[in-house]
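For the sequence shown, the residue numbers in the working numbering are 20 to 118. Heads up, the beta-carbon is just placed ideally off N, CA and C, and yes, glycines get one too. Since the structure comes first, as structure tokens, the remarks are kept for the end.
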Amino acid sequence: MFFVTTLIAFLYEAYLAIPIVGGATVLATGYATVWVALVIHAIVLIVRMGTIQSKVVPIIAIFLTCFTWIPILGWGIHLCIAILYFIDLLLGKYSIRRL
């Protein structure tokens, strides 16, 4: 379950980090995609609560998602969150286990 939820979160954030496409999607949905991202990160955190997997990336993602409504900053934040989830996927079970 760790891999699936993290992969979904990574793909969603990577999609939103595409400069024109992600921005157009956010504007077309009236910023609803920001709320969807917040829910996805919360689900990832809830799934990880019962395991020994790292909770650092979803917590950082939830915090940073609150600032993604700012146009240029939002793009950078989505890119950073996507990179964090990608690193988390690569590390897998070897990621930080406490928090």
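CA-to-CA, the gap between I100 and G41 works out to about 14 Å. In the displayed model, I39 falls within a helix according to three-state DSSP. Between L108 and the set I81, P77, V58, the nearest pair of CA atoms involves P77. Looking at the backbone, the Cα of A51 and that of V45 are separated by about 7 Å. The three-state reading of DSSP puts T24 in helix, counting H, G and I together. Annotated three-state conformation of T44 is helix, per DSSP. Counting along the chain, the unbroken alpha helix (DSSP H) around G93 starts and ends at 90-110.
Following the DSSP letters along the chain, one finds I71 in no alpha helix (DSSP H), marked with neither H nor E.
DSSP places F82 in the helix class (H, G or I) of the three-state scheme.
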